[in-house]
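Engineer: Sharing a structure, written as structure tokens. Questions coming.
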Amino acid sequence: MYKYDHYDQAMVDTRVAEFRDQVERRIAGKLSEDQFKPLRLMNGLYLQLHAYMLRVAIPYGTLDSRQTRMLAHIARKYDRGYGHFTTRQNIQYNWIRLEDAPDLLADLATVEMHAIQTSGNCIRNISSDQYAGAAADEVVDPRPFAELLRQWSSFHPEFSFLPRKFKIAVIASETDRAAMRLHDIGIQIIERDGEIAARFYAGGGMGRTPMIGPLIRDFVPIGELISYSEAILRVYNRYGRRDNKFKARIKILVHEMGAEKFIAEVEAEFAHLRGLNIDAPAAELARIKAFFTDPPFEAGLPDEIDRLDPDFAVWLDQNTHPHKRPGYAIVTISLKPIGGIPGDASAEQMELIADLAERHSFDELRVTHAQNIVLPHVRKADLATIWGALAEAGLAEPNLDLVTDIIACPGLDYCSLANARSIPVAQKIARRFADQQRQRDLGELKLKISGCINACGHHHAGHIGILGVDRKGVENYQLLLGGSGAEDASLGQITGPGFDEDGIVDAVETVTETYKTLRADGERFLDTYRRVGMTPFKEALYG
Amino acid sequence: MKILTGNDLKTGDVVWWTGESWSRHVSDAAEVGDNSVDVIAIEEAARRATAIYEVAADHTAGGILPVHIKEKIRATGPTVRPDLKLAPADPAAGSWVI
Numbered sequence: 099m100y101k102y103d104h105y106d107q108a109m110v111d112t113r114v115a116e117f118r119d120q121v122e123r124r125i126a127g128k129l130s131e132d133q134f135k136p137l138r139l140m141n142g143l144y145l146q147l148h149a150y151m152l153r154v155a156i157p158y159g160t161l162d163s164r165q166t167r168m169l170a171h172i173a174r175k176y177d178r179g180y181g182h183f184t185t186r187q188n189i190q191y192n193w194i195r196l197e198d199a200p201d202l203l204a205d206l207a208t209v210e211m212h213a214i215q216t217s218g219n220c221i222r223n224i225s226s227d228q229y230a231g232a233a234a235d236e237v238v239d240p241r242p243f244a245e246l247l248r249q250w251s252s253f254h255p256e257f258s259f260l261p262r263k264f265k266i267a268v269i270a271s272e273t274d275r276a277a278m279r280l281h282d283i284g285i286q287i288i289e290r291d292g293e294i295a296a297r298f299y300a301g302g303g304m305g306r307t308p309m310i311g312p313l314i315r316d317f318v319p320i321g322e323l324i325s326y327s328e329a330i331l332r333v334y335n336r337y338g339r340r341d342n343k344f345k346a347r348i349k350i351l352v353h354e355m356g357a358e359k360f361i362a363e364v365e366a367e368f369a370h371l372r373g374l375n376i377d378a379p380a381a382e383l384a385r386i387k388a389f390f391t392d393p394p395f396e397a398g399l400p401d402e403i404d405r406l407d408p409d410f411a412v413w414l415d416q417n418t419h420p421h422k423r424p425g426y427a428i429v430t431i432s433l434k435p436i437g438g439i440p441g442d443a444s445a446e447q448m449e450l451i452a453d454l455a456e457r458h459s460f461d462e463l464r465v466t467h468a469q470n471i472v473l474p475h476v477r478k479a480d481l482a483t484i485w486g487a488l489a490e491a492g493l494a495e496p497n498l499d500l501v502t503d504i505i506a507c508p509g510l511d512y513c514s515l516a517n518a519r520s521i522p523v524a525q526k527i528a529r530r531f532a533d534q535q536r537q538r539d540l541g542e543l544k545l546k547i548s549g550c551i552n553a554c555g556h557h558h559a560g561h562i563g564i565l566g567v568d569r570k571g572v573e574n575y576q577l578l579l580g581g582s583g584a585e586d587a588s589l590g591q592i593t594g595p596g597f598d599e600d601g602i603v604d605a606v607e608t609v610t611e612t613y614k615t616l617r618a619d620g621e622r623f624l625d626t627y628r629r630v631g632m633t634p635f636k637e638a639l640y641g
Numbered sequence: 064m065k066i067l068t069g070n071d072l073k074t075g076d077v078v079w080w081t082g083e084s085w086s087r088h089v090s091d092a093a094e095v096g097d098n099s100v101d102v103i104a105i106e107e108a109a110r111r112a113t114a115i116y117e118v119a120a121d122h123t124a125g126g127i128l129p130v131h132i133k134e135k136i137r138a139t140g141p142t143v144r145p146d147l148k149l150a151p152a153d154p155a156a157g158s159w160v161i
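Chain order of the listed sequences is Z and Y. So the first sequence is numbered by our numbering: it starts at 99 and just counts up by one. So the second sequence is numbered by our numbering: it starts at 64 and just counts up by one.
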């Protein structure tokens, strides 16, 4: 994985010193809250419902064991012993003291991490495929390109005050595991006639106005990745609305301008930029790529696995994924124990995961946008050992992509923007569907819950989505069906009137039972919904 | 009744206006009447609390509690982590900000 050079380290260290001074001036009264707020947000420090919350960037979701142990250390020293992995592959700490924040950031900087650009109207952490570098179906590892974009977008002076926040995802396979088309820019690295290139989508997003990003350009030579990205950002920065924050995202611009005109504007800017030679030299991309070469995989490893323990066999089937190399597997560690808080991990659990990554996965792990952790390169012979260690720590729930593998935002339990709680609903649904056989019988079913219209819980992209709203001071939950964040991206449709906290759990069960009566052989819930439409589900829900 | 809440500037802890100072316990909150704007201006300048705002509250059997669920959760802690709630009688928590 990428290692900071002295420029990277100096930038981060300098920012820590700068923020330390800003905090001191705030506490001393030399800065008002109005003056200080944008400064702390530029360093990922929010003021949330209960306390300051710090969001730490995890570039394209990739960590090593040293960094993960630091995240555990921060949870223990500066927070209350845990952290929350987010849908942008980041981690949030919920109980940070302002006066401790500079020391915390200094600790983070020792392991090449920071919280810069995890808030504010700038280019946020670049997200990617959690199986990057390990999946059999990828064209190339997308992370060198994500890293190049990270370097380009970090402290980019022209894009530090955009109309609104800006999110980019990079993938390199036909299977979309990063909700790429629901990003401001979605980039798919492709190969055509032996040439690596980038396919650009723009204007996707969730929030109060969900949009699936249209194709903007089918083929951008990889050497012009930055120029084309810059062209899109320039058009957005010039024409994006600043008069209304709810209409300021690029998706609104693309929608109001029309994709055709937007593309013409981008192409004109691209033509201008092409002459300015702003792309990274090939040698720089080669330097970055060198950090992402394959680890020293062993040849001739067996693929056979002893499946005698039935619990292990269930976990094996559900939570491992084929690896590109024989004898290896990709492991997903579920952070969704039945009745637990989706995405939360204690300091001790983080340390265990770091140990397992160090011993069994070439010191590498990933955070997924579905709030789980991945060990990308595990020898199949080590899987039973890993499963045993995870089971002891409550981390071996065999529910990847099943109904209890729920994405949930922090909701009203932590978030000052939320209208309703998400986590208790997720917990109740998980308990209702706790039976593993029942979950497996339902098959792939992505359930996503947001506590407000901002959609941090990706409810628009859930096969079943739940949106919490405030109905005259009482929590109420709308139900959506048919969304997908995958390569078959679609937006969920609201079923009808909402439900109370218990009613929404019953409603989800009604939907799944209806699906069971309607499904054809081999159909996932989403397939059945797309075939039969909303009507039978509405009838079952509302009579 | 109307009460004021904010966050302790240095720690971020949720605090409630007692009429003279700030407490971590909503049960110590005092009716602010029509003085919110003045108190907020003075207290923001004093830098004891920040992000101060007014909320509606009721006298209940359990003491003063905000009306809206958001501030109820703010007063009592995350409903999903009872172990993180501020115990009313916990002296170690430090009732007073100053």
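Each residue gets a CB set at the ideal place from its N, CA and C atoms; glycine is no exception. Just so it is clear, the structure is predicted and the values come from calculations on it, not from any experiment.
1) Taking only runs that begin and end inside the stretch 347-435 of chain Z, name each unbroken alpha helix (DSSP H) of 4 or more residues, in chain order.
2) Quick check on residue 141 of chain Y: buried or exposed, where buried means 16 or more other Cβ atoms within 10 Å of its Cβ?
3) Is it buried or exposed, residue 274 of chain Z, if we count other Cβ atoms within 10 angstroms and call 16 or more buried?
4) Step through the CB atoms of chain Z and report whether any lies within less than 8 Å of the CB of residue 88 of chain Y.
5) For the beta strand (DSSP E) containing residue 191 of chain Z, name the first residue and the last one.
6) Could you tell me which residues DSSP puts in a beta bridge with residue 326 of chain Z?
7) Can you list the beta strand (DSSP E) stretches of 3 or more residues lying completely in the stretch 459-513 of chain Z, in chain order?
8) Provide the residue span of the beta strand (DSSP E) that contains residue 129 of chain Y, from first to last.
9) Whose Cβ in chain Y lies nearer than 8 Å to the Cβ of residue 441 of chain Z?
10) Determine the closest residue to residue 637 of chain Z out of Z/466, Z/187, Z/547, Z/611, with distance taken between C-alpha atoms.
11) How about residue 81 of chain Y and residue 93 of chain Y: are their beta carbons less than 8 Å apart?
12) Could you check what DSSP says for residue 122 of chain Y in three-state terms: helix, strand or coil?
13) Is there a C-beta anywhere in chain Y that falls below 8 Å from the one on residue 557 of chain Z?
14) Which value, in whole angstroms, describes the spacing of the CA atoms of residue 378 of chain Z and residue 321 of chain Z?
15) Starting from the C-beta of residue 530 of chain Z, find all residues in its chain whose C-beta is less than 7 Å away, skip the five residues before and the five after it, and write them out in chain order.
16) Hey, which unbroken runs of the beta strand (DSSP E) at 3 residues or more fall wholly within the stretch 265-325 of chain Z?
17) Counting only Cβ-Cβ distances shorter than 7 Å, please list the residues of the stretch 109-129 of chain Y near chain Z, keeping chain order.
18) Let's see if you can read the secondary structure: which residues bound the alpha helix (DSSP H) around residue 137 of chain Z?
19) Under 8 Å between C-beta atoms, does residue 94 of chain Y make it to chain Z?
20) Going by beta carbon distance, what residues of the same chain come within less than 6 Å of residue 551 of chain Z, once the five residues before and after it are set aside?
21) In this structure, does DSSP put residue 101 of chain Z in helix, strand or coil?
22) Taking the alpha-carbon of residue 333 of chain Z as reference, which of Z/369, Z/316, Z/616, Z/360 has the nearest alpha-carbon?
23) What is the C-beta distance between residue 51 of chain Z and residue 281 of chain Z, in whole angstroms, given that I count them as a contact (C-beta under 8 Å)?
24) Helix, strand or coil: which one does DSSP assign to residue 121 of chain Z?
25) My output table needs one value for residue 78 of chain Y: the three-state DSSP class, helix, strand or coil.
26) Which residues in the same chain have their Cβ closer than 7 Å to the Cβ of residue 519 of chain Z, if we skip the five residues on either side of it in sequence?
27) What number of angstroms, rounded off, separates the C-alpha of residue 558 of chain Z from the C-alpha of residue 581 of chain Z?
28) Ignore the nearest five residues each way along the sequence and tell me which others in residue 235 of chain Z's own chain have a CB closer than 6 Å to its CB.
29) Let's test the definition: count the other Cβ atoms within 10 Å of the Cβ of residue 143 of chain Y and tell me whether it reaches 16, buried, or not, exposed.
30) Is the separation between the beta-carbon of residue 500 of chain Z and that of residue 540 of chain Z shorter than 8 Å?
31) So residue 368 of chain Z and residue 325 of chain Z are supposed to be a Cβ contact under 8 Å. How far apart are they, rounded?
32) Could you tell me if residue 112 of chain Z is buried or exposed, where buried requires 16 or more neighbouring beta carbons within 10 angstroms of its beta carbon?
33) Is the CB of residue 68 of chain Y under 8 Å away from at least one CB in chain Z?
34) Look at the Cβ atom of residue 248 of chain Z, then the Cβ atom of residue 224 of chain Z, and state whether they are nearer than 8 Å.
35) Using a Cβ cut-off of 8 Å (strictly closer), state whether residue 157 of chain Y contacts chain Z.
36) With C-beta atoms as the reference, is residue 304 of chain Z less than 8 Å away from residue 553 of chain Z?
Structural biologist: The relevant details are as follows:
1) 348-355, 357-372, 380-387, 408-417
2) buried
3) buried
4) no
5) 189-194
6) According to DSSP, residue 326 of chain Z bridges with nothing at all.
7) 462-465, 471-477
8) 126-129
9) The premise fails here: residue 441 of chain Z is roughly 12 Å from chain Y at the closest Cβ pair, so nothing lies under 8 Å.
10) Z/611
11) yes
12) strand
13) no
14) 8 Å
15) 603, 607
16) 266-269, 283-290, 293-300, 313-319
17) 110, 113, 114
18) 131-140
19) no
20) 306
21) coil
22) Z/360
23) Missing from the structure shown is residue 51 of chain Z; chain Z here goes from 99 to 641 and no further.
24) helix
25) strand
26) 509, 510, 511, 549, 566, 573
27) 6 Å
28) 271, 273
29) buried
30) yes
31) 6 Å
32) exposed
33) no
34) yes
35) In this predicted model, residue 157 of chain Y has a pLDDT of only 46, less than 50, meaning its place in the structure is not dependable; the value taken from the coordinates is given anyway. Judged by the 8 Å Cβ criterion, residue 157 of chain Y is not in contact with chain Z.
36) yes
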